[in-house]
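When we follow our numbering, the leftmost residue of the sequence shown carries the number 69, and every step to the right adds one.
C-beta: ideal position from N, C-alpha, C; glycine also.
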Amino acid sequence: MLSDKLFYWLFQSRPDRILNLLDAQLADAGGYRFSAPALKEREYRLDGLFLPPPERPELPALILEAQMGPDPGFLRRLYAESARLLQQEPSIHPWQVVVITPSRQLNFGASEPVAEFLDCRVQWVELLPERWRTGASKFHRLLALLVQPEAEIQEAVRELGNDTPGAIPAEASSQADSSQADSAELLTLIPTIVLARFNDRPLQEICTMTGLTVEDFTQSVAYREIFGLGEAQEAAKMTLRQLNRRCGPLSEGTTARIQALPVEKLEALADALLDFQGPADLASWLAGNA
């Protein structure tokens, strides 16, 4: 799963999204600045650091760690790296750690040695639906696509798409417009999140699993930025040009599938097409790779 790159993209353009995952927040919290600093000595890079605006010193700095699988050394490492950051960044005063994980019940090692740290400083954002807190935000439920059983993903995607803000009083129309815009933006992240999880699967299989279309992926700005679609588009143009010569004109559907391939798949197709004798060979290759 490409979780590190995914979480960096999710927060670098909209740092205040992290506030949607917290149980409680100070009034009017916002204006956070996001980075992913490398800690000295071991050159360990945090998943994220959210610094509050200078004019709001009462807001805590938020240290983000995404831990998607068991690791018996995780709790001790989390404690040590948090302390190393505080040593490295003396400007940080109030602070809190946010851990995104399927469940805090995974094997993260013994909690007793760092119990006070866990009780006072760490907030868990658990992604498995049975671990959700009451009133989980839409962003929280969106991230849950990273861990939900495959058989439930299509229904979860459908529910996210149907979950639109209800009627809002006229005096709150400005806030309602903002809420609707945020909701629409979150929906554009669905293709990116499922692809980050199933990046080793053919795109057509992912579409079948989620109910999404190839166009949903190719039109997603997040997908383009995270998976380097700009580079892929150039590779796709060259590959399509060669395929048209060897296999004849391609249908819109076939062209869209090829345009959605990541760079490494396009490179593999460019090598394979040298042996193609016609459209049947391309169809066979796509069946096994896209």
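Query: Chain-order list of residues whose beta-carbon lies under 6 Å from that of ALA238 (same chain, five-residue window excluded); Result: For ALA238, the predicted structure reports a pLDDT of 45, less than 50, and the residue's modelled location is therefore unreliable. A value from the coordinates is still provided. Excluding positions up to five away in sequence, the list is empty.
Query: Proximity winner among PRO197, ILE221, SER159 and TYR147, relative to PRO181 (alpha-carbon distances); Result: TYR147
Query: Whole-number beta carbon distance between THR307 and LEU350, since they are thought to touch under 8 Å; Result: The pair is not a contact, with the Cβ atoms about 10 Å apart (cut-off 8 Å).
Query: Simplified DSSP assignment, three categories, for ASN357; Result: helix
Query: Residue from ALA355, ALA348 and CYS188 with nearest C-alpha to LEU271; Result: ALA355
Query: 8 Å contact criterion, which GLN327 and THR286 should meet: CB distance rounded; Result: 6 Å
Query: contact_flag[the stretch 161 to 177, the stretch 216 to 231] where n(CB pairs < 8 Å) is 3 or more; Result: no
Query: Buried/exposed call for ILE86, threshold 16 Cβ in 10 Å; Result: buried
Query: Closest residue to ASP343 among LEU311, LYS206 and LEU143 (Cα-Cα distance); Result: LEU311
Query: Straight-line Cα distance separating ILE258 from LEU329; Result: 17 Å
Query: Short Cβ contact (8 Å threshold) for ARG101 with LEU119; Result: yes
Query: Inter-residue Cα distance where the pair is VAL215 and HIS208; Result: 12 Å
Query: ARG152 versus ASP339: straight-line alpha-carbon distance, rounded; Result: 48 Å
Query: Of the listed residues ASP96, GLY203 and VAL193, nearest to PRO125 (C-alpha basis); Result: ASP96
Query: First through last residue of the beta strand (DSSP E) which encompasses SER150; Result: Segment 142 to 156 is the alpha helix (DSSP H) holding SER150; no beta strand (DSSP E) there.
Query: Close-in-space but distant-in-sequence residues of the same chain around GLY141 (CB under 7 Å, 5 per side omitted); Result: GLY177
Query: Cβ contact (3+ pairs, closer than 8 Å) linking the stretch 185 to 199 and the stretch 154 to 174; Result: yes
Query: LEU196 versus THR169 - alpha carbon distance; Result: 8 Å
Query: Cβ-Cβ distance between SER159 and ARG199 below 8 Å; Result: no
Query: Own chain residues within Cβ distance below 7 Å of ARG314, not counting five before or after; Result: LEU341 and PHE344
Query: From LEU263, THR278 and PHE266, residue whose alpha carbon lies closest to that of GLU227; Result: THR278
Query: C-alpha distance - ILE274 paired with LEU263, whole-angstrom precision; Result: 8 Å
Query: Backbone secondary structure at PRO233 - three-state DSSP; Result: Interpretation of PRO233 is limited by its pLDDT of 48, a score under 50 that renders its predicted location unreliable; no figure is taken from the coordinates.
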